[in-house]
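Working notes, beginning with the structure itself.
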Amino acid sequence: MTRIAAFLSLALVGAPAFGASLLDYVGQCVPFARAASGIAIYGDAWTWWGQAEGRYRRGDVPRVGAVIVFARSPQLRLGHVAVVSRVVESRTVMLTHANWSRRNGARGHAEQDVTLHDVSPGNDWSRVKVWYRDSNGLGGSIYPVEGFIYADGKPAAGLSGRDPDDVGALIDAYVPGAAAVR
């Protein structure tokens, strides 16, 4: 029995820190996106697009529960994955993700309903800007995107909520029916 307990404690050392809710998570983006979306892909974020081929539907249209795969870039050495929590309009969605902005100086925390804006010339979601808490606005960087991986089931509860970032709050206030999309 002691050997089993020791093995389990070692196995859990690298486990992500999920609390009572999805938003209590502290860790990397990959385990968070996997848990929030139900898409069972492992490895660095930038590898998800290739790994999804033949296993999950992929495309360039955002849908609630889909995982957006940010490509490798100088700013994102390992890429990034996030889950679409709301579709606001054809070029604006909200994401729920982990390990993007800092909270109290620390990275790794989950953020809910973060604004993502398509800035690609062809309106195809191949280039985006992301809300960045530290600057309290859309960041200055433009990130390349591989596309969206569509989950077969329902996303985790708590993917979208009542406290979007400032842009999301304005959308809720001024776009008829936007808050009802949650």
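Numbering (this note's numbering), first residue to last: 248 to 429.
Glycine is no exception: its CB is placed at the ideal position from the N, C-alpha and C atoms.
Find the nearest neighbour of residue i within the set the options, judged by alpha-carbon distance.
{"i": "residue 398", "options": "387, 310, 333", "result": "310"}
{"i": "residue 386", "options": "348, 401, 356, 396", "result": "348"}
{"i": "residue 389", "options": "356, 332, 321", "result": "321"}
{"i": "residue 384", "options": "364, 334, 353", "result": "364"}
{"i": "residue 324", "options": "294, 353, 370, 301", "result": "294"}
{"i": "residue 319", "options": "334, 297, 335, 338", "result": "297"}
{"i": "residue 335", "options": "360, 371, 351, 302", "result": "360"}
{"i": "residue 391", "options": "306, 382, 366, 401", "result": "366"}
{"i": "residue 395", "options": "290, 303, 282, 270", "result": "303"}
{"i": "residue 346", "options": "339, 355, 340", "result": "355"}
{"i": "residue 270", "options": "332, 370, 313", "result": "332"}
{"i": "residue 350", "options": "382, 372, 281", "result": "382"}
List the DSSP bridge partners of residue i.
{"i": "residue 345", "result": "357"}
{"i": "residue 336", "result": "339"}
{"i": "residue 391", "result": "374"}
{"i": "residue 269", "result": "For residue 269, which the question treats as bridged, DSSP gives no partner whatsoever."}
{"i": "residue 396", "result": "305, 314"}
Would you mind reading off the limits of the beta strand (DSSP E) that contains residue i?
{"i": "residue 282", "result": "Not the beta strand (DSSP E): residue 282 falls in the alpha helix (DSSP H), residues 276-284."}
{"i": "residue 378", "result": "374-379"}
{"i": "residue 218", "result": "Absent from the structure is residue 218, since the part of the chain shown begins at 248 and ends at 429."}
{"i": "residue 316", "result": "314-317"}
Which residue comes first and which comes last in the alpha helix (DSSP H) that contains residue i?
{"i": "residue 297", "result": "295-299"}
State the CB to CB distance for the pair residue i and residue j, rounded to an integer number of angstroms; the pair is presumed to be in contact (CB under 8 Å).
{"i": "residue 316", "j": "residue 292", "result": "7 Å"}
{"i": "residue 343", "j": "residue 268", "result": "Contact flag wrong, Cβ pair sits at about 11 Å."}
{"i": "residue 353", "j": "residue 272", "result": "Actually they do not touch by this definition, with Cβ atoms about 13 Å apart."}
Open item on the list: With three or more beta-carbon pairs closer than 8 Å as the criterion, would you say the segment 327-346 touches the segment 279-287?
Closed with: With a cut-off of 8 Å, the segment 279-287 and the segment 327-346 count as touching, because enough Cβ pairs lie within range.
- [ ] May I ask you to verify whether the segment 275-282 touches the segment 374-386, counting CB pairs closer than 8 Å and requiring at least 3?
- [x] No: the two stretches stay apart, fewer than three of their Cβ pairs being nearer than 8 Å.
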